[in-house]
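In the numbering used here, the protein residues as written are 127 to 449. We put the beta carbon where it would ideally sit given N, CA and C, even for glycine. Here the structure comes first, spelled out in structure tokens, and everything after it is commentary.
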Ligand SMILES: [Ca+2]
Ligand SMILES: [Ca+2]
Ligand SMILES: [Ca+2]
């Protein structure tokens, strides 16, 4: 999204006292030498940096250093995540865009630590969830950063319907705001509930599905100003239980190399953002998930639950108790 909206976001953030550019605000820009990420305190991306990108933005979300291209920070800072229990309606989410994407709510920071290459955010949502995002270079390929996500039920009792949303506005340089977007892997058995190209959606997992014309799997939609939205349902978590999975952010010089990078980590659910839909040059950006493809051990009930069947809570509790 374009500059006018960004300025609106910054103005509102300023009015609200939100320190997008506040130096005391915990955040980190991390890099493995190929991929650079701007990680904010709650684990959302898009923080202020100093080095202008290929098209001149000084915010860092996801950058490919060989070209200097930024992939989400241009225009609005629309990138974020949320965790919720769809049964009790407890929710918390973080997004540095307030005007379009609805910003951040329901999250308390527990800790944020970083080095030159890694960043770890730990937050509390309503005393129900402890959520950790640990950003670390992929050990498999320089083209990917891995965000290891842990959702822990700290409530002391069972959480019935655990949700995770991740959303980003792709803005692929050198053609930001007119990118081609691909989403793949939505039909394989997984915890995925919904995917679309609405990168401007709220990060609140309970805000409901929305799209900008494309849902499920689609290839090279565009050119348009859009992004990627993924909703996951992990079913019930008993007291003290955690759900772990990984998100990958990355880029390569073309589409074939991007797909090869995804293959090295066996990530099958993903989005690509491109300026050139055919070759994927000069950079194809990657946003992918792993560890969401198969149900938890012994959880036919869990699989059915994430498919939208809400009638199996008794079996679900039994199976989780046994696991
Ligand atoms: Ca953007
Ligand atoms: Ca966009
Ligand atoms: Ca393509």
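C-beta contact flag for residue i and residue j at 9 Å
i, j, result
"residue 299", "residue 192", "no"
"residue 305", "residue 372", "no"
"residue 325", "residue 293", "yes"
"residue 331", "residue 208", "yes"
"residue 270", "residue 374", "yes"
"residue 159", "residue 179", "no"
Residues near residue i in its chain [Cβ-Cβ closer than 7 Å; skip 5 each side]
i, result
"residue 454", "For the chain, the structure presents residues 127 to 449; residue 454 sits outside this window and is missing."
"residue 212", "287, 289 and 332"
"residue 388", "396, 412 and 414"
"residue 399", "197, 296, 298, 305, 307 and 411"
"residue 232", "217, 218, 219, 251 and 252"
"residue 171", "163, 164, 165, 187, 188, 198 and 205"
"residue 234", "249 and 250"
Same chain, Cβ closer than 6 Å to residue i, neighbours up to 5 away in sequence not counted
i, result
"residue 357", "291, 319 and 320"
"residue 328", "227 and 228"
"residue 369", "277 and 360"
"residue 152", "167 and 238"
"residue 258", "248 and 276"
"residue 245", "154, 156, 165 and 261"
"residue 240", "154"
"residue 190", "377 and 409"
"residue 317", "358, 359, 360, 418 and 432"
"residue 183", "196, 199 and 200"
"residue 390", "266 and 267"
"residue 338", "323, 324 and 352"
Nearest residue (CA-CA) to residue i, options the options
i, options, result
"residue 177", "170, 413, 353 and 187", "187"
"residue 323", "351, 236 and 316", "351"
"residue 230", "211, 403 and 204", "204"
"residue 280", "295, 254, 264 and 297", "254"
"residue 282", "220, 316, 206 and 364", "364"
"residue 345", "402, 336 and 375", "402"
"residue 393", "347, 170 and 267", "267"
"residue 215", "169, 311 and 251", "251"
"residue 173", "223, 303, 338 and 312", "223"
"residue 206", "314, 169 and 309", "169"
"residue 309", "234, 348 and 163", "348"
"residue 312", "243, 185 and 354", "354"
"residue 302", "367, 181, 158 and 334", "181"
"residue 202", "404, 274 and 221", "221"
"residue 210", "340, 334 and 314", "334"
Opposing strand residues paired with residue i [DSSP bridges]
i, result
"residue 206", "221 and 293"
"residue 361", "288"
"residue 280", "Paired residues: none, contrary to the question."
"residue 410", "378 and 400"
"residue 164", "155"
"residue 250", "234 and 256"
"residue 275", "259 and 371"
"residue 389", "Beta-bridge pairing links residue 389 to no other residue."
"residue 394", "Bridge partners of residue 394: none, in fact."
"residue 350", "305"
Neighbourhood of residue i by C-beta, 8 Å cutoff - its chain only, sequence neighbours within 5 removed
i, result
"residue 236", "248, 249, 250 and 256"
"residue 148", "Note that residue 148 scores 41 on pLDDT, short of 50, meaning its location in the model is unreliable; the coordinates nonetheless yield the value given after this. For residue 148, where only same-chain residues beyond five positions count, there are no Cβ hits under 8 Å."
"residue 243", "156, 157, 158, 262 and 263"
"residue 405", "380 and 381"
Cβ contact check for the region 411-418 and the region 380-392: 3 or more pairs under 8 Å: yes
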